[in-house]
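Participant: Attaching a single structure in C-alpha cells format; questions to follow.
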Amino acid sequence: MAGRWKNDLTWSQVTPKAAWLNRRQVIAAAAGLAAGGIAGVARAGLSAKPSQYSTVEEPTSYEAVTTYNNFYEFGTGKDDPARNAHMLTTEGWQVQIDGLVDKPGTWTMDDVLAGTTLEERIYRFRCVEAWSMVVPWVGFELADLLNRVGVQPSAKYVAFETALRPEEMPGVRTRVLDWPYVEGLRLDEAMNPLTIMATGVYDEPMPNQNGAPIRLVVPWKYGFKSIKSIVRITLTEDEPPTSWNKANGREYGFYSNVNPEVSHPRWSQATEREVGGGLLAKRKPTLMFNGYGQEVASLYDGMDLAKYY
Amino acid sequence: MLHLMDPINSALRRVPAWLLYPLGALPVAWLFWAGIRGDLGVDPVKAIEHWLGLWGLWLLIATLAITPLQRHAGLRLVRFRRAIGLLGFYYIAAHLAVWLVLDVQIPAQIWGDILKRPYITIGMVAFVLMIPLALTSNNWALRRLGGERWRRLHRLTYLVVPLGAVHFVMVVKGWQVEPFYYLAAILGLLALRLRPGRMLRSRSAART
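Protein sequences, first through last, are from chains A and B.
Quick note, the first sequence lines up with residues 1 to 309 if you use UniProt numbering.
Quick note, the second sequence lines up with residues 1 to 208 if you use UniProt numbering.
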C-alpha cells in the first residue's frame, strides 16, 4: 500500500468532461482524415450519451469506485474484489432470460447490447453500511431489455442471479452467503426509468470488481440490491428470494429502499460518510429514497415502509 | 524440555519492559500518518478504526496467552504483561475515540448507538470494565489493593476479552470467519486455565 501513486488533484482541477470530449472529437476527426475518412475510428471510451437522470454532484474518484467494493464472491474485504476479480473471465458471457417471458433464451452480450443506446447515468450510490459514492455508470434501462423479451401479464417480479464459479471466485469457498448471489425487484421497480443494466463506469467497460460485464443499478435502494455479474434474469409471479434477506431477514428486507428513518438494527441510517472524503470528511444526512423520491416515491404509495423495509 | 526455554528466558530478562510502550506507540503514529497521506485507501476512517480495534484485540489476547505459555511451555513473559495489557487498553481507547470523533461525529447519535445497538453496547461495556484494570496497572495500586484483591479484580480480563471478540463477530456483515478465530482462540486460552482438580482443592481449602 505504501508508496502507491497518490493523486493530489481535486476534481475541480481536472479538465471538464465537455472539454476533453471536444478534444477527443477533434483527435478522432483528425485520425479519420488521416485514414482517408474511413468510419469506425477506434474510440477510447464507450461514448455514452448524457442523461437527464444524472445528478450534477461530482463523481467519486475512479480509484475509489474501483478499489472500494463489496463483492463477497471475491472476498469480504473492501479491497479484495480489486485484488481478486481479475480471475473472472467475462469473454463469452451469456445471460439466460426465462420465466414468464414471451421469448425465453440465452443471450450473448452482443445480443443484449444490440440496438441499445448506452447512456451515462451519474447516480448517488448508498451502501447499507452507511457509506456513499457518486458513480458515473454507463448502461441502458432495464425496461428496454424486458420489453424486448416480452413480459407476460402474469409476471409480477424480476429475479436476478450472479455467476457462481468457484474456480474463479475465491470468496465462495466460505459460506458467508448462500451462493449464488440472488436479488429481485418488483416488476414496476424494474420498469422504472431509473433502473439500469450497467456495462461500464467512467465511460469505460465495467471493471470486474464492479460487476462485469453486466450488473443492475437501482439508485434508490441500498447497494446490495444492485446485483453484479448477472447470468440469469427470471420473470416470476411470486416474490423471489434475495441473498441478504435469506442471510438475515431482520436486517435486510426485500425492498431495502434507502430510508433515513428506518434504522438497520445494528446502526443508524440517518447519515452517511462519503467515500473518498479523507480523514476529516463530515457525515451528511441520508435522503429518503437516496434523493430519488420524485421518481420513485409513488411506487410505494400506501405502503408502510417501516414494515416493508 | 522446559530447560530449552532457559536461554530465551535469560535473554528476555535483559529486555526492559518499558521498551514496549514506545514500540507500541509506533504503529498508531504510522496509522494516522498513513491516513493523512492517503495510504490507507479511500476510506481511511474505517481503516484506522478497524486496525486500532484489531491490534487492541491482539494485544489483549496476548495477555491471556502469557500464563499458559509459562505453565505449558516454560516461557516467562509475565514481566511484560502489564505493558501489553495497558497498550491493549490504549489501542481500544484510541479505537473508541476515532469512532466518536471521526466516524459517528454526531453526539446525539453516539448515545443512541451505545444504547440501541447491541454490538456497540457490548463494546462499550468491555471498554468501561477495562478502565479499573488500566487504573490499577501500577505498583502503587497493587500494594494498596493487596495481591489477592488485585488478582480478583483483574480476573475481569476473562470477561473483557471475550466481549471484545463478540463485538467483532457482531460488527461484521454476515457470518465471517476471522472474528470467530479470535473468539475460539480466547475461549481456548481461558479453557487452559480451568484445572478442575485445583478448583476443587481450593474450594475445600476455603471451607476449612
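Backbone N, C-alpha and C fix where the C-beta goes; we use that ideal spot for every residue, glycine too.
1) Does D6(B) come within less than 8 Å of chain A when only Cβ atoms are used?
2) With a CB to CB cut of under 6 Å and the five nearest residues on each side skipped, what residues in its chain are close to E73(A)?
3) Just tell me which of A247(A), H264(A), W220(A), T108(A) has its CA closest to the CA of D178(A).
4) Could you check the C-alpha separation between L153(B) and K116(B) for me, to the nearest Å?
5) Check the DSSP bridge columns for K221(A) and list the partner residues they point to.
6) In the DSSP output, which residue or residues are listed as bridge partners for Y157(A)?
7) Within its chain, find whatever has a CB closer than 7 Å to the CB of G56(B); leave out the 5 residues flanking it on each side and keep chain order.
8) For the segment 44-56 of chain B, enumerate the residues whose C-beta is nearer than 7 Å to any C-beta of chain A, in chain order.
9) For a test of the three-state rule: what should DSSP assign to S132(A), helix, strand or coil?
10) Near W131(A), what residues of its chain come up, given a Cβ to Cβ distance below 7 Å and the 5 sequence neighbours on each side ignored?
11) Please list the residues of the segment 151-177 of chain B that have a C-beta atom closer than 8 Å to any C-beta atom in chain A, keeping them in chain order.
12) Taking CB distances under 8 Å as the criterion, tell me whether G41(B) reaches chain A.
13) Closer than 7 Å by C-beta to L102(B): which residues in its own chain qualify, once you throw out the five before and the five after it? Chain order, please.
14) Using a Cβ-Cβ cut-off of 8 Å (strictly less than) and excluding sequence neighbours within five positions of V218(A), which residues of its own chain qualify?
15) Please tell me whether K78(A) has its Cβ less than 8 Å away from any Cβ of chain B.
16) Return the residues of the segment 273-286 of chain A that lie within a Cβ-Cβ distance of less than 8 Å from chain B, sorted by chain order.
17) Could you check the C-alpha separation between S61(A) and N69(A) for me, to the nearest Å?
18) Can you tell me whether R126(A) is helix, strand or coil according to DSSP?
19) Could you check whether K156(A) and L118(A) sit closer than 8 Å to each other, using their CB atoms as the reference points?
20) Which same chain residues, not among the five before or five after V201(A), have their C-beta less than 8 Å away from its C-beta?
21) Who are the near neighbours of G223(A) in its chain, counting only those whose CB is closer than 8 Å to its CB and skipping five residues on each side?
22) How big is the Cα-Cα spacing for V15(B) and E261(A)?
23) Which residue comes first and which comes last in the alpha helix (DSSP H) that contains E295(A)?
24) Taking the Cβ atom as the reference point for each residue, do V95(A) and V182(A) lie within a distance shorter than 8 Å?
25) Under a CB-based cut-off of 8 Å, is S51(A) close to chain B?
26) Against chain B, with Cβ distances strictly below 8 Å, would L216(A) count as a contact?
27) Going by Cα to Cα distance, which pick from V258(A), N257(A), G277(A), Y252(A) is closest to P265(A)?
28) Just to make sure I have the definition right: I need the residues of chain A whose C-beta is within less than 8 Å of the C-beta of L135(B). Which are they?
29) Counting contacts by CB-CB distance shorter than 8 Å, is Y119(B) in contact with chain A?
30) Which two residues bound the contiguous beta strand (DSSP E) that contains I97(A)?
31) Enumerate in chain order the residues of its own chain whose CB-to-CB distance from I122(B) is below 8 Å, with the five nearest sequence positions on each side excluded.
32) Run the CB neighbour count on S10(B), radius 10 Å, all protein chains shown included, and call it buried at 16 or more, exposed below.
33) Leaving out five residues before and five after V125(B) in sequence, what residues of the same chain have Cβ atoms less than 7 Å from its Cβ?
34) Considering only residues of the same chain and omitting the five flanking positions on each side of L40(B), which have a CB-CB separation below 6 Å?
35) According to DSSP, simplified to helix, strand and coil, what is G35(B)?
36) Indicate whether V112(A) and Q152(A) have their beta-carbon atoms separated by less than 8 Å.
Facilitator: So, from the data block:
1) In the second sequence, the residue the question calls residue 6(B) occupies position 6. No - not a single Cβ of chain A is within 8 Å of the one on D6(B).
2) Position 73 of the first sequence, counted from the first residue, corresponds to residue 73(A). These residues qualify, in order along the chain: M169, G171, V172.
3) Counting from 1 along the first sequence, the entry for residue 178(A) is found at position 178. The shortest Cα separation from D178(A) among A247(A), H264(A), W220(A), T108(A) belongs to A247(A).
4) Here residue 153(B) is taken as the residue at index 153 of the second sequence, counted from 1. Here residue 116(B) is taken as the residue at index 116 of the second sequence, counted from 1. When rounded, the distance between both Cα atoms is 29 Å.
5) Against the first sequence, residue 221(A) aligns to sequence position 221. According to DSSP, K221(A) bridges with N257(A).
6) Locating residue 157(A) in the first sequence gives position 157, counting from the first residue. Partner(s): R186(A), T236(A).
7) Along the second sequence, read from residue 1 onward, the residue named residue 56(B) stands at position 56. Cβ neighbours of G56(B) within its own chain (closer than 7 Å, five residues either side excluded): G88, Y91, I92, H95.
8) P44, V45
9) Position 132 of the first sequence, counting from 1, holds the residue named residue 132(A). Reduced to three states, the DSSP call for S132(A) is strand.
10) Counting from 1 along the first sequence, the entry for residue 131(A) is found at position 131. These residues qualify, in order along the chain: E272, R273, V275.
11) M170, V171, V172, K173, G174, W175, Q176, V177
12) For the purposes of this step, residue 41(B) is taken as the residue at position 41 of the second sequence. Yes, G41(B) lies at the interface with chain A (some Cβ there is under 8 Å from its Cβ).
13) What you label residue 102(B) is simply residue 102 of the second sequence in a count that begins at 1. The residues are V45.
14) As a first step, residue 218(A) must be located in the first sequence, where it is residue number 218. So the qualifying residues of the chain are L185, E189, L194, T195, K225, S226.
15) For the purposes of this step, residue 78(A) is taken as the residue at position 78 of the first sequence. Output row for K78(A): interface = yes.
16) R273, V275, G276, G278, L279, L280, A281, K282, R283
17) Taking the first sequence and counting its residues from 1, one reaches residue 61(A) at position 61. Taking the first sequence and counting its residues from 1, one reaches residue 69(A) at position 69. So the alpha carbons of these two residues sit roughly 13 Å apart.
18) Here the question's residue 126(A) lines up with position 126 in the first sequence. The DSSP-derived three-state label of R126(A) is strand.
19) Within the first sequence, the letter at position 118 stands for residue 118(A). Within the first sequence, the letter at position 156 stands for residue 156(A). Not a contact, by the Cβ cut-off of 8 Å.
20) Position 201 of the first sequence, counted from the first residue, corresponds to residue 201(A). Closer than 8 Å at the Cβ level, and outside the excluded window around V201(A), lie Y62, V65, T66, V135, P136, W137, V138, P207, N210.
21) By one-based count along the first sequence, residue 223(A) stands at place 223. Around G223(A): N70, F125, R126, C127, V128.
22) In the second sequence, the residue the question calls residue 15(B) occupies position 15. In the first sequence, the residue the question calls residue 261(A) occupies position 261. Distance between the alpha carbons of V15(B) and E261(A): 56 Å.
23) By one-based count along the first sequence, residue 295(A) stands at place 295. Unbroken alpha helix (DSSP H) run through E295(A): 293-296.
24) Taking the first residue of the first sequence as position 1, residue 95(A) is located at position 95. Taking the first residue of the first sequence as position 1, residue 182(A) is located at position 182. For V95(A) and V182(A), no; Cβs fall outside 8 Å.
25) Stepping through the first sequence from its first residue, residue 51(A) is reached at position 51. Not closer than 8 Å to any Cβ of chain B, the Cβ of S51(A) fails to qualify, so no.
26) For the purposes of this step, residue 216(A) is taken as the residue at position 216 of the first sequence. So, not an interface residue.
27) Residue mapping note: residue 265(A) aligns to position 265 of the first sequence, counting from 1. Put simply, of V258(A), N257(A), G277(A), Y252(A) the residue whose alpha carbon is nearest the alpha carbon of P265(A) is Y252(A).
28) Taking the first residue of the second sequence as position 1, residue 135(B) is located at position 135. Listed by position along chain A, the residues whose Cβ is nearer than 8 Å to that of L135(B) form an empty set, because the closest Cβ is around 31 Å away.
29) Residue 119(B) sits at position 119 when you count from the first residue of the second sequence. Yes, Y119(B) lies at the interface with chain A (some Cβ there is under 8 Å from its Cβ).
30) As a first step, residue 97(A) is located in the first sequence; it is residue number 97 there, counting from the start. It spans 94-99 - the beta strand (DSSP E) in which I97(A) sits, taken as one unbroken run.
31) Translated into the one-based positions of the second sequence, residue 122(B) becomes position 122. Hits under 8 Å: L163, V166, H167, M170.
32) Sequence index remark: in the second sequence, residue 10(B) carries index 10 (1-based). Exposed is the call here.
33) For the purposes of this step, residue 125(B) is taken as residue 125 along the second sequence, with counting starting at 1. Counting only Cβ-Cβ distances below 7 Å, and skipping sequence neighbours, we find L163.
34) The residue labelled residue 40(B) in the question sits at position 40 within the second sequence. A34, A47, listed in sequence order.
35) Counted from its first residue, the second sequence places residue 35(B) at position 35. DSSP places G35(B) in helix when its eight states are reduced to three.
36) Along the first sequence, one-based indexing puts residue 112(A) at 112. Along the first sequence, one-based indexing puts residue 152(A) at 152. No, these two residues do not count as a Cβ contact at 8 Å.
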